[in-house]
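Mapping to the numbering used here: the sequence shown position 76 is 211, numbers consecutive. Below: the structure, in structure tokens.
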Amino acid sequence: MILRKCKGCGALLQDEKPEEMGFIPTLTSESKYCKRCYRMMHYNELPKIVATNEDYEHVIDDVIKKNGLVVFVVDIFQFKATFNKKMIDKLRNKNVILVANKYDVFPKSSNIEAIVNWLSRECEKIFFKVDAIHIVSSKKGYFIEDLTNTIDLARKERDVYFVGCANVGKSSLINALLKKNTSIREDVVSTSVIPGTTLKEIRIPFFDDNKAFIDTPGLINENDVLNQLLPKSYKKILPESELKPITYQITNGNSIMLAGLATLSFETNDKISIVVYASKDLYIHRTKTLKVNELLETQLGKLLTPPLEEEKDNIKYKDEEYHFDGMKKKNIWFSGFGFVTIIGKCKVNVKLIDKTEVYITDAIIG
Ligand SMILES: Nc1nc2c(ncn2[C@@H]2O[C@H](COP(=O)(O)OP(=O)(O)OP(=O)(O)O)[C@@H](O)[C@H]2O)c(=O)[nH]1
Ligand SMILES: [Mg+2]
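Okay, structure coming up:
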């Protein structure tokens with residue numbers, strides 16, 4: 136029997152069960168990628184088999200047991216949802232480099248140093264000690280050299296484990312590090328827009344001392360709006376390019392609808408400003424609060440999409456209320472599709488999809 140792991144997803148290669156992970160039509164001692172990864176890489180096909188959270192405890196506990204350097208990757212566009220508390224509790228007392236990926240979607244004008252300080256305050260608030268904080272874009276290759284230098288200094292002849300929530304870009308980051316530091320020009324590990332692409336741990340030899348980069352499956356964030364929608368909808372939600380912040384002047388009784396994903400309704404004595412940071416493909420509708428329910432009844436899946444017409448029957452909303460005292464600029468983060476900066480004193484009623492979450496922080500930029 137030949138025992139080989141797929142270089143793209145980490146599954147054990149097998150040629151018997153086409154519907155299961157690691158399938159390859161003909162398994163030889165030369166086989167590298169399973170059919171699933173081959174089709175992802177060459178035909179941009181989306182994976183049908185994905186990792187689940189069932190094994191996740193095992194994955195992270197295994198990393199903790201090893202004496203490696205941990206690169207904890209978060210998605211800067213979804214910081215609060217991916218700065219996962221369960222994972223942080225596991226990573227306390229380890230050597231951790233915090234990497235905020237997908238910086239390319241942030242407005243070019245945003246100040247890196249201010250973002251690093253903001254991230255460092257978020258770590259301090261929960262007493263999470265990290266050895267370094269890096270902001271990168273795996274997609275564009277931004278600041279990969281700086282991260283390489285930090286890894287070299289912090290590694291001390293150990294393996295380097297990449298951990299984090301699903302879809303934050305762990306595998307993309309490994310591909311970017313390989314491309315920056317070797318003659319490799321193609322992706323080595325598989326990546327896709329579907330959470331759960333990496334199925335098992337993958338060892339990618341990299342260092343002269345036989346140590347390696349280790350890619351791991353991600354923790355699927357159950358609050359992520361993507362879990363409630365079909366992949367067809369992801370394109371409108373996940374920013375492909377730089378966010379274009381949109382500022383609105385808000386008075387009492389105004390509402391801002393972020394497609395059919397969330398609605399912010401404002402009660403305020405003053406005129407205030409808000410800034411929406413979301414994909415430029417996400418439809419944003421300004422209206423009067425009095426009209427919100429009618430619009431949701433008549434336009435959900437039409438003007439207000441996503442959700443798509445075929446998804447809308449599964450969508451249930453919940454309402455939450457947040458108060459802002461106007462002393463500091465604040466962010467409301469949505470799990471999966473962006474954030475809104477609130478500048479001014481107001482009460483905000485947030486209507487959001489059941490099972491998704493919002494998080495409030497000081498403003499990260501602006
Ligand atoms: N805009 C942008 N997208 C990125 C970046 N890095 C990764 N992505 C995209 O994010 C999605 C997820 O990337 P992966 O590398 O598969 O993420 P992962 O953390 O390995 O995910 P799992 O294997 O599912 O745990 C893909 O669609 C990538 O193209 C980045 O720097 N910028
Ligand atoms: Mg991966």
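From the three backbone atoms N, C-alpha and C, an ideal C-beta is built for every residue, glycine too. A quick note: this is a predicted structure, and the numbers were derived from the prediction, not measured.
Next on the checklist: Excluding the 5 residues flanking Asn316 on each side, which residues of the same chain have their C-beta closer than 7 Å to its C-beta?
Outcome noted: Thr283
Checklist entry - How would you call Gly353, buried or exposed, if buried means at least 16 neighbouring beta carbons within 10 angstroms? => result buried
Next on the checklist: So, at 7 Å on beta carbons, what are the nonlocal neighbours of Asp110 in its own chain, with the 5 sequence-adjacent residues on each side left out?
Outcome noted: Nothing can be reported for residue 110, as the shown portion of the chain is limited to 136 through 501.
Next on the checklist: Against chain D, with Cβ distances strictly below 9 Å, would Lys490 count as a contact?
Outcome noted: Here there is only one protein chain, and chain D is not present.
Item to check | Sequence-distant residues of its chain with Cβ nearer than 6 Å to Leu204 (five each side left out) | outcome: Asn230, Ala289, Arg290, Arg293 and Val295
Checklist entry - For ligand 1, is there a heavy atom less than 8 Å away from the beta-carbon of Pro153? => result no
Next on the checklist: Tell me the DSSP secondary structure of Tyr494 in three-state form.
Outcome noted: strand
Checklist entry - What residue from Met136, Lys314, Lys453 and Lys482 has the CA that sits closest to Ile409's CA? => result Lys482
Next on the checklist: Any heavy atom of ligand 1 inside 8 Å of the beta-carbon of Glu375?
Outcome noted: yes
Checklist entry - Any chance the CB of Asp190 is under 8 Å from a heavy atom of ligand 1? => result no
Checklist entry - So what does DSSP say about Cys300, is it helix, strand or coil? => result strand
Next on the checklist: Quick check: what's the CA-CA separation for Lys370 versus Ile419?
Outcome noted: 15 Å
Next on the checklist: Less than 7 Å between C-beta atoms, sequence neighbours within five positions excluded: which residues of the same chain meet that for Val198?
Outcome noted: Val205, Tyr296, Val298 and Thr351
Checklist entry - Are there 16 or more other CB atoms within 10 angstroms of the CB of Gly473, so buried, or fewer, so exposed? => result buried
Checklist entry - Hey, Glu180 and Arg174: beta-carbon distance below 9 Å or not? => result yes
Next on the checklist: Please state the DSSP three-state secondary structure of Glu192.
Outcome noted: helix
Next on the checklist: I want to check one thing, is the minimum distance from the CB of Pro182 to the heavy atoms of ligand 2 below 8 Å?
Outcome noted: no
Checklist entry - In chain order, which continuous runs of the alpha helix (DSSP H) of length 4 or greater are located wholly inside the segment 272 to 350? => result 279 to 290 and 305 to 316
Checklist entry - DSSP beta-bridge partners for Gly473? => result Phe469
Item to check | Reduced DSSP secondary structure (H/G/I, E/B, other) of Arg421 | outcome: strand
Item to check | Cα-Cα separation, Leu438 to Glu189 | outcome: 38 Å
Item to check | Cys514 in three-state terms, based on DSSP | outcome: The chain is shown from 136 up to 501; residue 514 falls before or after that span and cannot be answered.
Next on the checklist: Are there any heavy atoms of ligand 1 lying less than 8 Å away from the beta-carbon of Asp150, as far as the coordinates show?
Outcome noted: no
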